[in-house]
Amino acid sequence: MNGTVKWAGDEFFIGTTGRGYSLVMDTKGDRHSAPTPMEMLLLSVAGCTAVDVISILQKKRQAVDEYDIRIEGTRADEHPKKFTEIRITHVVRGRNVSEKAVADAIELSETKYCSVAATVKPTAKIITDFEIIETGGE
11 MNGTVKWAGD EFFIGTTGRG YSLVMDTKGD RHSAPTPMEM LLLSVAGCTA VDVISILQKK
71 RQAVDEYDIR IEGTRADEHP KKFTEIRITH VVRGRNVSEK AVADAIELSE TKYCSVAATV
131 KPTAKIITDF EIIETGGE
């Protein structure tokens, strides 16, 4: 796995993965025109666990209609201002979705599968919870 990051001027950077996908990062504090690297790290944690959890729920044949994650990071006040805590809330909407299935899927992601979370765990406490919302569904 590899990539490059190129300065594009005015505190913009273009990241390109080894597979050729590019994205813009904005580090100018008041402009807010693209994600910062720290925002991307949060989204990477959420994306990694989301992939695991939905895959596990599908394998468990849970009737999930919608699934999303809310994620929030708390950073240290002093440089390097690393994340000290990350809160993840899994929101599952579906029909008769098992609480145990969701809890087990999250636990498997946290302890076995999510490599991004495993990377940040040594410096950031990760706190997770979930809610299940029953839908009428077809």
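In terms of my numbering, the sequence shown is numbered consecutively and its last residue is 148. Virtual Cβ for every residue (Gly too), placed ideally from N, Cα, C. As the structure is a prediction and not an experimental result, all values here were calculated from the model.
Kindly examine the ligand PLP and report whether one of its heavy atoms sits closer than 6 Å to the Cβ of residue i.
i     : result
Ser54 : Inclusion of the ligand PLP in the displayed structure is not the case, the ligand content being empty and no account of it being possible.
DSSP has residue i in a bridge; who is on the other side?
i     : result
Tyr77 : Val102
Gly83 : Ile96
Met35 : Phe23
Thr14 : Thr26
Flag this pair as yes or no: are the beta carbons of residue i and residue j separated by less than 7 Å?
i      : j      : result
Ala111 : Lys70  : yes
Val15  : Phe23  : yes
Leu52  : Gly25  : no
Arg103 : Asp75  : yes
Val126 : Val55  : yes
Val63  : Ser119 : yes
Ile116 : Thr138 : yes
In whole angstroms, what is the alpha-carbon distance linking residue i and residue j?
i      : j      : result
Thr27  : Trp17  : 15 Å
Glu109 : Val101 : 12 Å
Specify, as a first and last residue, the run of the beta strand (DSSP E) that residue i falls within.
i      : result
Glu49  : Element bounds for Glu49: not the beta strand (DSSP E) but the alpha helix (DSSP H), 47-69.
Asp139 : 135-144
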